[in-house]
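Chemist: Numbering (our numbering), first residue to last: 1 to 76.
Positions of the beta carbon are idealized from the N, C-alpha and C atoms, including for glycine.
Only a predicted model underlies this, so the values are computations on that prediction, with no experimental measurement involved.
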C-alpha cells in the first residue's frame with residue numbers, strides 16, 4: 001500500500017466566543033476556506049466547520065471503499 005501524507009494549516013485570529021475566525025488551507029492548495037466559531041454554532045453564511053470537513057472526508061472514504069468492494073465482487 002502506498003504511503004501518503006496530507007495536512008491542513010489554520011491561521012486563527014481573535015478570541016473564540018467573541019467572533020474569532022480563521023482560514024483553513026490544504027497543504028496541496030486544493031482549498032483555502034474560512035472557519036468561524038460563530039458560524040459553526042449558528043448560520044454558516046458561506047463558511048464551513050471542522051465537523052463539515054470531517055463529514056466530507058468520511059463520506060468520500062466510504063464511497064471509495066464501497067466502490068472497491070462492489071468492484072471486487074464483480075459489480076459495476
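Under 8 Å: do the stretch 48-58 and the stretch 27-35 share three or more Cβ pairs, one atom per stretch?
Modeler: Cβ pair count under 8 Å is three or more, so yes.
Chemist: If the criterion is Cβ atoms closer than 8 Å, does the pair residue 41 and residue 24 meet it?
Modeler: Here the question's residue 41 lines up with position 41 in the chain shown. Here the question's residue 24 lines up with position 24 in the chain shown. Contact: no.
Chemist: In this structure, does DSSP put residue 24 in helix, strand or coil?
Modeler: What you label residue 24 is simply residue 24 of the chain shown in a count that begins at 1. Here residue 24 sits in strand by DSSP.
Chemist: Would you mind working out which of 73, 57, 8 sits nearest residue 26, comparing C-alpha positions?
Modeler: Your numbering for residue 26 matches position 26 in the chain shown. Closest by alpha carbon: 8.
Chemist: Hey, out of 65, 5, 38, whose CA is closest to residue 15's CA?
Modeler: The sequence position of residue 15 within the chain shown is 15, counting from 1. Out of 65, 5, 38, 38 has the C-alpha closest to the C-alpha of residue 15.
Chemist: Report the residue ranges of all alpha helix (DSSP H) runs contained in full by the stretch 13-60; include only those spanning at least 4 residues, in chain order.
Modeler: The stretch 13-60 contains these whole alpha helix (DSSP H) runs: 37-41.
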